[in-house]
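Since the structure comes first, as structure tokens, the remarks are kept for the end.
There are 2 protein chains.
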Amino acid sequence: MVNEEIIKSLAIQNESKIVLLVADGIGDLPYKNNKTALQTALIPNLDRLASKSSCGLTDPISCGITPGSGPAHLSLFGYDPIKYQIGRGVLEALGVGMELTPYDLACRGNFATLSEKGIIVNRRAGRISTAINEKICEIMQDKIKQIGEVKVIIAPGKEHRFVVVFRGKNLEEDLSDADPQIVGEKMKFAQPLKASAKKTAEVVNEFIKIATEVLKEHYPANTVLLRGFAKHPDLPTMNELFKLTPAAIATYPMYKGLAKLVGMEILKTGESIKEEFETLRENFEKYDFFYLHIKKTDSYGEDGNFEGKVKIIEEVDKFIPEVLKLKPDVLVVTGDHSTPAIMKGHSWHPNPFILFSPYIRIDDVDRFNERACAQGELGRFAAVDALPLMMANALKLNKFGA
Amino acid sequence: MVNEEIIKSLAIQNESKIVLLVADGIGDLPYKNNKTALQTALIPNLDRLASKSSCGLTDPISCGITPGSGPAHLSLFGYDPIKYQIGRGVLEALGVGMELTPYDLACRGNFATLSEKGIIVNRRAGRISTAINEKICEIMQDKIKQIGEVKVIIAPGKEHRFVVVFRGKNLEEDLSDADPQIVGEKMKFAQPLKASAKKTAEVVNEFIKIATEVLKEHYPANTVLLRGFAKHPDLPTMNELFKLTPAAIATYPMYKGLAKLVGMEILKTGESIKEEFETLRENFEKYDFFYLHIKKTDSYGEDGNFEGKVKIIEEVDKFIPEVLKLKPDVLVVTGDHSTPAIMKGHSWHPNPFILFSPYIRIDDVDRFNERACAQGELGRFAAVDALPLMMANALKLNKFGA
């Protein structure tokens, strides 16, 4: 990749429209039938698109690196995922749908069990139910709204998990985890990892003390562990970097949150894939870059549900003609990373990639799957290069040098 | 790419000879016949060469980036085109055939029209003829030979364009353009963009004042606009970096100039492709690296003249057997960038690349074109890596580490 400053200096705004269709975790490994989900699915429209496109494979981060959703998406949005690392707390906050500002410090919380002797005896409070979690979070939020001048915002997650956002000036993320990590040890407070984080550590530790006081009667959830402290990354927007006016269509909070971090407008949409494509059609005139996210290819991959993954791919396939009817100047269909059903998790395998535009060398690939795309004209390339490639094909990049 | 310091530390001099044949802008997109120029041309010799070679595709700069001739050539010569950026004024000076020294500051000039009230009313002096331009440049040069201790060298370009080189000590390139960019504004002088450029700005602005005085009687060309101030980049030579003794065979001033910047010997040759190959044969004993540049593939591409581009490729093809008769240890045939006839300009598409040497894995590619090379053993790689690859195949690179 070239430095983003180079891309920034070459970017121009024009009327061309780019659609980036991301089927999360679509890349796969051969399953029991010796085929990947893409090789198994009946996808006549995607195959036809591949036959009119340039194809390839992208590495989300680098050869052999399995990415989380954060870095995998940043790459696709044109951000160097090594330079721009989004802390765990922030990703967790986005995942539960919290809206973050540049003043925010976020962290992950666990409800935990503290013995009378002050020892952590269960790091997950015996996995309390989500319903109880929600109730306790409400009680905590009610009692703790502010610590000094720092606003405190609490949101429940699943089972024993929650998120705390500290909103205030001069907060720092260089704190050790306030979590002993193993049972049988005393409560642990956050330590500043540099001098300027001392005030932040005091705020966080004050929160832990008050929360433990508030939770006294809520055994087994009678204390909190906080970890993954992370400041809002305050990324340059895609408009600042690439002069794009981007919009996001996604159903899960995490992806809306990531899109918001890079300055995309988050479009209201429904829960179904059908509704997502309708949202694309309805808003097509208003933006010049669309990120449309399909979540369930990844969810079924994570569950090891190969048939489910195949079905979602077949469902997506049905909407390809509708996208083409909109006549986008550039259409890319790809994944953010692979989630092979046999691995039940993210993996490092490169993503199949279709590039459709008037300025391509159409190659011999006429199927959309991992093996076919490996033969494509684009070869194998870094996912972070996909955005400059889309911009080039939309004639949104000037010449470099004379 | 690895750092050039690594290549430098591994480079060794030996008797092996490398020929780098660059057909400028040879890469193409499918034209009205659904084929690229290379797919259309009858090129039995290049196809045979491909069948005995390793093939691939190179990105001039990075995925999606359309390069100018300067950075595209620097890459092929093994120089990181982001690290070594050649300013516009220098490229313009090379383009009109001026010889530059490390003391030189070059800029592009326009003859323009100044009204009696001191307003720029035409930025191109109504596009005066090249003949008039040449005459006025001569008059200016005659009256302005020196400003203080700084020598001034003026060379005409086409129509209203010319180049000025300021030759002296401690000149700086950090100057704003002396050009209002739009008509209806006053003359604009160069401003120093850092303190140490103040003296240079004074010299440049003194030139503008004297030139405007000299041009008084030459309405509509009665003033000058200067822009793209750039110092000679003072690159390390290919001999310093790679221990090569390189020679360039090119017909256009720009490419001779670029070759000279990296320390190549510029061989005298004629205007025709035939003469260029004769020059290669005649000088084959004297150097160990030959850069042979074919310009017209690019020129016809820029003109949108697909048939012209095809014919030039067929003409080049006829000389391949003569090159092989010289028994170069390494022969590479490629482009510096693509210039698709349908785009009438440079583009970002990767270049087809043939590597012929005794140390290759011959692949299945038996045609020299974009689609065939995409299937080659070399895959897709950065053009800046081509030089280390050529050197390796000429056994001019030692082992890295023990």
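Residue numbers (UniProt numbering), protein chains in the order written: chain A, 1 to 402; chain B, 1 to 402. Beta carbons: idealized from backbone N, C-alpha and C, even for Gly. No experiment lies behind these values; they were computed from the predicted model shown.
Straight-line gap, residue i to residue j (C-alpha atoms, nearest Å)
| i | j | result |
| --- | --- | --- |
| Arg380/A | Asn3/B | 22 angstroms |
| His218/A | Ser299/A | 33 angstroms |
| Leu156/A | Pro220/A | Looking at the sequence itself, residue 156/A is Pro, so the reference to Leu does not match. Roughly 17 angstroms separates the two Cα atoms. |
| Ile43/B | Leu21/B | 15 angstroms |
| Met187/A | Gly335/A | 42 angstroms |
| Asn369/A | Ile266/A | 30 angstroms |
| Phe205/A | Lys199/A | Residue identity differs from the one stated: residue 205/A is Asn in this sequence, not Phe. So the alpha carbons of these two residues sit roughly 10 angstroms apart. |
| Val262/A | Arg281/B | 57 angstroms |
| Val316/A | Gly109/B | 56 angstroms |
| Glu213/A | Glu202/A | 16 angstroms |
| Lys35/B | Pro340/B | 11 angstroms |
| Thr269/A | Phe289/A | 17 angstroms |
| Ala248/B | Asp385/B | 20 angstroms |
| Ile61/A | Gly27/A | 15 angstroms |
| Ser53/A | Gln181/B | 41 angstroms |
| Lys260/A | Ile294/A | 17 angstroms |
| Asp49/A | Asp366/A | In the sequence as presented, Asp is not what sits at residue 49/A; that position holds Leu. Rounded to the nearest angstrom, the two C-alpha atoms are 8 angstroms apart. |
| Glu271/B | Lys209/B | 40 angstroms |
| His337/B | Leu389/A | 15 angstroms |
| Pro30/A | Met343/A | 11 angstroms |
| Ile313/A | Leu258/A | 23 angstroms |
| Asn45/B | Phe277/A | 51 angstroms |
Burial state of residue i (16 or more Cβ within 10 Å)
| i | result |
| --- | --- |
| Gly184/A | exposed |
| Thr40/B | buried |
| Phe400/B | exposed |
| Pro102/A | exposed |
| Arg361/B | exposed |
| Ile12/B | exposed |
| Ala195/B | exposed |
| Ala402/B | exposed |
| Asn351/A | buried |
| Glu173/A | buried |
| Asp24/A | buried |
| Gly89/B | buried |
| Lys286/B | exposed |
| Lys296/A | buried |
| Cys373/A | buried |
| Asn393/A | buried |
| Gly64/A | exposed |
| Val92/B | The sequence shown places Glu at residue 92/B, rather than the Val named in the question. Buried, since its Cβ has 16 or more Cβ neighbours within 10 Å. |
| Asn170/B | exposed |
| Ser115/B | exposed |
| Lys8/A | exposed |
Which residues DSSP lists as bridging residue i, in chain order
| i | result |
| --- | --- |
| His293/B | Val22/B |
| Val165/A | Ala106/A, Ile153/A |
| Gly379/A | Gly56/A |
| Pro246/A | Phe289/A |
| Ile354/A | Cys55/A, Val333/A |
| Leu114/A | Ile120/A |
| Pro67/B | Phe400/A |
| Thr223/A | Ala112/A |
| Gly87/B | Note: Gly87/B sits in no beta bridge, so no partner. |
| Lys231/B | Leu105/B |
Any non-hydrogen atom of the ligand SAH closer than 6 angstroms to residue i Cβ
| i | result |
| --- | --- |
| Asp329/B | Absent from the structure shown: the ligand SAH. Ligands present: none. |
Count Cβ pairs between the stretch 290 to 306 of chain B and the stretch 352 to 364 of chain B that sit closer than 8 angstroms; are there 3 or more? Under the three-pair Cβ rule at 8 angstroms, the stretch 290 to 306 of chain B does not count as touching the stretch 352 to 364 of chain B.
Selection of the stretch 58 to 69 of chain B by Cβ proximity to chain A, strictly under 8 angstroms: Listed by position along the chain: Ile61, Ser62, Cys63, Gly64, Ile65, Thr66, Pro67, Gly68, Ser69.
Touching or not, the stretch 119 to 133 of chain B and the stretch 65 to 80 of chain B, by the rule of three or more beta carbon pairs under 8 angstroms? No, they do not touch.
Would you list, in chain order, the members of the stretch 232 to 248 of chain B that have their beta-carbon closer than 8 angstroms to a beta-carbon of chain A? Flagged: no residues at all.
Is it the case that the stretch 316 to 323 of chain B contacts the stretch 3 to 18 of chain B, given that we only count it when at least three CB pairs across the two stretches are under 8 angstroms? No, the stretch 3 to 18 of chain B is not in contact with the stretch 316 to 323 of chain B.
Would the stretch 239 to 258 of chain B and the stretch 107 to 122 of chain B be scored as touching if the rule is three or more Cβ pairs under 8 angstroms? No, the stretch 239 to 258 of chain B is not in contact with the stretch 107 to 122 of chain B.
For the stretch 81 to 102 of chain B, list every residue whose C-beta sits within 8 angstroms of some C-beta in chain A, in sequence order. Under the 8 angstroms Cβ criterion, the stretch 81 to 102 of chain B contributes Pro81, Ile82, Gln85, Ile86, Arg88, Leu91, Glu92.
Listed in chain order, which residues of the stretch 346 to 368 of chain A have Cβ atoms closer than 8 angstroms to some Cβ of chain C? Here the protein chains are A and B, and chain C is not one of them.
Contacting positions in the stretch 156 to 187 of chain B - beta carbon closer than 8 angstroms to chain A: Under the 8 angstroms Cβ criterion, the stretch 156 to 187 of chain B contributes no residue.
With three or more beta-carbon pairs closer than 8 angstroms as the criterion, would you say the stretch 140 to 149 of chain B touches the stretch 80 to 89 of chain B? Verdict: no, contact absent.
Taking only beta carbons into account, state which residues of the stretch 370 to 400 of chain B come closer than 8 angstroms to chain A, listed in chain order. Residues passing the 8 angstroms Cβ filter: Glu370, Arg371, Ala374, Gln375, Gly379, Arg380.
Relative to chain A, which residues along the stretch 8 to 41 of chain B have a C-beta separation below 8 angstroms, given in chain order? Flagged, chain order: Leu29, Pro30, Thr36.
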